[in-house]
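Worksheet: one structure, shown below.
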Amino acid sequence: MTFLGFPWRPGWLLHPVPSSSAKARAVHSVEVRGRKCDMDLGGRIYKGRAPTRPSESPTTLWAILAPPKGRMGIVFHIGRYFLLIRDIFSRPERMRLYLRRTVEEMDLLGVKSVGIVALLSVFMGAVITIQTSSNIDAAWIPAYVVGFTARQSTILEFSPTIISLILAGKVGSNIAAEIGSMRVKEQIDALDIMGVNSAGYLILPKIVASMLMNPFLVMISMFLGIFGGWLAGVGTGIVSSVDYIHGIQYDFDPYTVTYALIKTVVFAFVIATVAAYQGYYTRGGTREVGISSTKAVVYSNVVILIANYALTQLLLI
Amino acid sequence: MIQVEGLSKRFGDLQVLNGIDATFEKGRVNQVIGKSGSGKSVLAKCIVGLHKPEEGRVLYEGRSFHEMDDKEKRGIRQEIGMLFQGSALFDSMTVLQNVMFPLSMFADMPPSEMEDRAHQCLQRVNILDKDALFPAQISGGMQKRVGIARAIAMNPKYLFCDEPNSGLDPQTSILIDDLIKEITEEFATTTIVITHDMNSVMETGEKIIFIHDGRKWWEGDRDELLNSDNAELNEFVFAGSLMRQVKKAMEKG
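Sequence order for the protein chains is G and L.
Quick note on numbering that gives the first Met the number 0: the first sequence kicks off at 0 and runs consecutively.
Quick note on numbering that gives the first Met the number 0: the second sequence kicks off at 0 and runs consecutively.
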């Protein structure tokens, strides 16, 4: 059955659409003994027309959403992602064990990320200050604008978004690799056979830990970013300490911090769930675990950027 | 007792299992044998519910597993112990923590009692002195024994062993086979062993099912296995030189 030009069938949200045509390859026309024939890339000549596939690359929205058999479409992954989320939030078997695992994950995903967050924040704050200062040429612009710009950039965008992208790399790959390894070593099957809700047991503590710890990391980043700007500004003499501190206090709106923390919590959820999804459905061996890990970072970065735009539109405009 | 009725499983266009009917009896070591890729591991995974069959059903004491709701399925799964081909021990937990894991998830007992129970299980498989080590610090044979200890921690009614001897030396294989047999008798479990190791079949096989091309090709006991005139079964059983010598010796009387 077709509807709006799409080959509609029951269960299309969860299952890939079967391939529509044969195993033909790309062909081009040749002339053999005065007769037009098709020849494929392997040099095989057909009498008349070869069985061709319309196109190897998807050209319609439907083809992108539901590609030929063997490749899963975006719709399939989105559907399966939400089914996984449902399983994750189903009732835990032993709350005490989940709490213990959450504390362990808070240490692993949060506390152990403080170092990289601190280092990045200090240097990024310093760079923002120097770049702002070097771009202000007009004499009528007051010196405190450097501090003001460093504060606004750090709180609104750098700390919540850039640090979340960095955490997607560090924490996201860690989550995908850990869960993916458990999948290929049959440890997740072992949990399922014991009657444990493997999705909930493995992933829920990571989501809760990320959503609790990332706002703290971002607050540390905000403080250290602004501090790094002060160090660079005062240290190099491009702005005085008084002007910088006046700038970071000037026209401060506490809502910007609230906005940044809301973004951070959403990004934390995205990092943990997208990475866990990639790990949980890993198939194969160690190579596939690596691929899942890479996909976890790439896809969570893409989703973070899209969510960043949507949240900014919703919360700031 | 576990019954399998008309079980069929397909992956894409590949028909892996085709109308399997079998009964696995309580207190006996039921062995499923067959070539690599014949579908025996898929059969085990369908029975424990890791794969959903397209057709047929699996009955645990007469109750159809795939028609149960999630709560009932979890109840059945808590009665299942499984030893995986690669042991599937949790890397980040010690041997003791691995054995205690199902207890800490489902048993209503204080931690000290759980620890005692885990120690009993480890003692049963003769590996008590390794309880503080991590899986990576012990040998493959020991990992299998820890896997058995974890599988029996909850006093299972059903024990599944997927290729319990793979990657083990002959002596350790015999040790694992004996352990499976003893545990089956001791706990009166319905034990299903998936294997293609003929030594293991001759050691412990009480009821043997031969899977070929996704179908149940043959069923019988050890003596019947050696005297069968089924061509595909004979090709599989007597592929090794040792088994061929056994056959010759039998023919000479």
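The C-beta atom is built at its ideal place from N, Cα and C for all residues, glycine as well.
Assign ILE182 (chain L) to one of two classes, buried (16 or more other C-beta atoms within 10 Å of its C-beta) or exposed (fewer than that).
buried
What's the call for SER180 (chain G), buried or exposed, on a 16-neighbour Cβ count within 10 Å?
Buried, since its Cβ has 16 or more Cβ neighbours within 10 Å.
Spatial distance of LEU108 (chain G) from VAL241 (chain G) (CA atoms):
Whole-angstrom Cα-Cα distance: 37 Å.
Per-residue contacts from LEU110 (chain L) into chain G (C-beta, under 9 Å)
Contrary to the premise, residue 110 (chain L) reads as Pro rather than Leu in this sequence. Within 9 Å Cβ-Cβ: nothing; PRO110 (chain L) doesn't reach chain G, min ~11 Å.
In this structure, how does DSSP classify PHE88 (chain G) when only helix, strand and coil are distinguished?
coil
Determine whether the beta carbon atoms of THR281 (chain G) and ALA175 (chain G) lie at a separation below 9 Å.
yes
Within 9 Å, strictly: CB atoms of VAL288 (chain G) and VAL183 (chain G):
Yes, Cβ-Cβ distance for VAL288 (chain G) and VAL183 (chain G) is below 9 Å.
Given LEU223 (chain G), which residues of its chain have a CB within under 6 Å of its CB, disregarding the five upstream and five downstream residues?
ALA117, SER120 and VAL121
Roughly how many angstroms separate the alpha carbons of PHE23 (chain L) and LEU260 (chain G), rounded to a whole number?
58 Å
Is there a Cβ of chain L sitting closer than 9 Å to that of SER180 (chain G), yes or no?
yes
Is the stretch 87–107 of chain L in contact with the stretch 49–63 of chain L, if contact means three or more CB pairs nearer than 8 Å?
No, the stretch 87–107 of chain L does not touch the stretch 49–63 of chain L.
Closest to GLY227 (chain G) by C-alpha separation, out of G:TYR97, G:TYR243 and G:PHE215, would be which residue?
The shortest CA-to-CA distance from GLY227 (chain G) to any of G:TYR97, G:TYR243 and G:PHE215 is the one to G:TYR243.
State the CB to CB distance for the pair THR203 (chain L) and VAL28 (chain L), rounded to an integer number of angstroms; the pair is presumed to be in contact (CB under 8 Å).
About 5 Å; that satisfies the 8 Å criterion.
Among L:VAL3, L:GLY239 and L:SER165, whose alpha-carbon lies nearest the alpha-carbon of PHE64 (chain L)?
L:VAL3
Within 7 Å of chain L by C-beta, residues of the stretch 183–205 of chain G in sequence order:
Residues LYS184, GLU185, GLN186, ASP188, ALA189, ASP191, ILE192, MET193, GLY194 and VAL195.
If you measure from the beta carbon of ARG79 (chain G) to each beta carbon in chain L, is any gap under 9 Å?
No, no contact with chain L.
Check whether the Cβ atoms of PHE159 (chain L) and VAL245 (chain L) sit closer than 9 Å, and answer yes or no.
no
Closer than 9 Å between beta carbons: that is the criterion. Which residues of the stretch 46–57 of chain L meet it against chain G?
Those would be VAL47, GLY48 and LEU49, in chain order.
Report yes if the C-beta distance between PHE133 (chain L) and ASN154 (chain L) is below 9 Å; otherwise report no.
no
Cα-Cα separation, PRO214 (chain G) to GLY236 (chain G):
33 Å
Tell me the rounded alpha-carbon separation between VAL15 (chain L) and HIS211 (chain L).
10 Å
Over the uninterrupted beta strand (DSSP E) stretch that includes ASN17 (chain L), give me the two end residues.
From DSSP, the beta strand (DSSP E) with ASN17 (chain L) extends over 13–23.
Can you tell me which of the three DSSP states GLN2 (chain L) falls into?
strand
Contact set between MET113 (chain L) and chain G, taken where Cβ atoms lie within less than 9 Å
Here the premise fails: no neighbours, minimum Cβ distance about 12 Å.
If we cut at 9 Å on Cβ distances, does LEU96 (chain G) have a partner in chain L?
A Cβ of chain L is located within less than 9 Å of the beta carbon of LEU96 (chain G).
Looking at chain G, is there any beta carbon in it that lies within less than 9 Å of the beta carbon of LEU132 (chain L)?
no
Closer than 7 Å at the beta carbon, the chain L residues around GLU287 (chain G)
Simply none; closest approach about 16 Å.
LYS111 (chain G) versus THR153 (chain G): straight-line alpha-carbon distance, rounded:
Within the model, the alpha-carbon separation for LYS111 (chain G) versus THR153 (chain G) is close to 22 Å.
Taking any Cβ of chain L, which residues in the stretch 92–123 of chain G have a Cβ under 7 Å from it, in chain order?
GLU92, ARG93 and LEU96
Quick check: the stretch 125–144 of chain L against the stretch 170–178 of chain L, are at least 3 beta-carbon pairs closer than 8 Å?
yes
Delimiting residues of the alpha helix (DSSP H) encompassing GLU156 (chain G)
Unbroken run through GLU156 (chain G): none, as it is neither H nor E.
What residues from chain G crowd round GLY38 (chain L), counting only those whose CB sits closer than 9 Å?
One finds nothing in chain G with a Cβ atom closer than 9 Å to the Cβ of GLY38 (chain L); even the nearest lies about 17 Å away.
Please report the straight-line C-alpha distance between SER299 (chain G) and ILE19 (chain L), rounded to a whole angstrom.
44 Å
CB contact below 9 Å: MET67 (chain L) versus chain G
no
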